[in-house]
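Everything in the sequence shown is counted per this note's numbering, starting at 15 for the first residue and increasing by one.
Positions of the beta carbon are idealized from the N, C-alpha and C atoms, including for glycine.
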Amino acid sequence: MTPPTTLHTRRLVLRPFTIEDVNDVFEYASDTEWSRFVPVASPYTIKDAEEFVTRQMLKRWDEKPRFAVELNGVVVGSVKLTIEKSLEIASLRYSISRPCWNQGLTTEAVAAVVDWGFDDIGLQKVYARMDVENIGSWRVMEKIGMIREGTLRSHGVNRGVRYDIHYYGILRSEWEKRRDLI
Ligand SMILES: CC(C)(COP(=O)(O)OP(=O)(O)OC[C@H]1O[C@@H](n2cnc3c(N)ncnc32)[C@H](O)[C@@H]1OP(=O)(O)O)[C@@H](O)C(=O)NCCC(=O)NCCS
């Protein structure tokens with residue numbers, strides 16, 4: 015079984031959640047701009063943050079590793095892989111606090127987790143899906159070398175409103191080629 019892991023990037027530390035992270039999570043997740051595309055309770059309370067952090071601490075790391083993203087000692091977001099072991103694929107979820115947007119921080123965090131998924135877990139494919147209107151989200155996927163594989167129409171519902179979903183993916187062979195270029 016894969017033990018909980020800590021990853022270091024140029025600006026970030028990615029590590030398992032601890033109970034001390036509750037206030038940091040509350041700080042970014044209670045921002046309604048942050049949660050526009052994220053299905054969390056609204057209004058978001060400190061109890062919601064406590065439940066979120068506790069859930070992460072209880073999850074099996076080899077199935078659903080979720081890294082807390084730490085910038086200068088503060089948790090500003092998270093990156094999660096949901097691993098489908100029998101298929102050797104994983105889906106990716108990510109978010110970062112509003113003051114951190116558009117500084118390349120999610121790209122940096124996600125690239126490190128995707129590298130870890132291919133290198134250490136031995137995945138054959140990583141994929142992600144998002145509301146087509148979440149341009150920042152699909153731009154992150156393109157910047158780490160993912161390809162848009164398709165768009166499913168009216169495939170999700172967010173707070174009562176139906177939306178279209180882009181699917182992005184990267185295969186192990188594409189990731190290896192990309193790594194050789196860096
Ligand atoms: C989506 C999200 C993860 C992006 O994180 P980020 O740290 O801002 O991402 P990065 O800075 O690494 O890259 C974002 C890219 O999208 C671009 N972008 C963002 N909004 C854009 C818009 N409205 N139109 C065009 N480009 C946009 C940025 O310019 C940047 O590209 P560039 O580096 O080529 O300039 C972040 O906004 C977030 O956490 N939002 C709330 C939660 C969420 O939506 N999570 C994703 C659920 S699928």
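Residue environment, residue i, which counts as buried when at least 16 other CB atoms sit within 10 Å
i	result
His180	buried
Gly91	buried
Glu84	buried
Ser187	exposed
Gly131	buried
Arg112	exposed
Ile149	exposed
Leu119	buried
Leu28	buried
Gln117	exposed
Val171	exposed
Pro79	buried
Lys191	exposed
Backbone CA spacing between residue i and residue j [nearest angstrom]
i	j	result
Ile97	Tyr177	25 Å
Lys94	Leu26	15 Å
Trp75	Gly174	32 Å
Thr165	Asp133	29 Å
Ser168	Trp152	17 Å
Ala82	Thr68	13 Å
Minimum C-alpha distance to residue i - residue among the options
i	options	result
Tyr108	Val52, Leu185, Trp189 and Thr20	Val52
Asp45	Ile103, Ile110, Gly87 and Asp145	Ile110
Pro17	Glu77, Val146, Glu41 and Phe66	Glu77
Gly135	Leu101, Pro30, Asn86 and Arg192	The question names Gly, but residue 135 in the sequence shown is Ile. Of the listed residues, the one whose Cα sits closest to Ile135 is Leu101.
6 Å CB neighbourhood of residue i in its chain, flanking five on each side removed
i	result
Tyr141	Ser105 and Gly183
Ala55	Asp62
Asp38	Val88 and Val89
Leu137	Glu102, Ala104 and Gly131
Cβ-based neighbour list, residue i, same chain, cut-off 8 Å, excluding 5 preceding and 5 following
i	result
Ile158	Thr121, Val124, Ala125, Val128 and Ile184
Beta-carbon contacts of residue i that lie in its chain and below 7 Å, excluding the five residues immediately before and after
i	result
Thr23	Glu122, Ala123 and Ala126
Glu64	Val36
Next item on the list: Could you pull out every unbroken beta strand (DSSP E) segment of at least 3 residues lying fully inside the stretch 87–114, listed in chain order?
Entry: 88–98 and 103–110
Checklist line | Ranges of the beta strand (DSSP E) found wholly within the stretch 117–151, counting only runs of at least 3 | finding: 139–145
Next item on the list: Could you name each continuous beta strand (DSSP E) segment of 3 residues or more that falls completely within the stretch 159–192, going from the start of the chain to the end?
Entry: 161–172 and 175–185
Checklist line | Whole runs of the beta strand (DSSP E) within the stretch 34–79, excluding any shorter than 3 residues | finding: none
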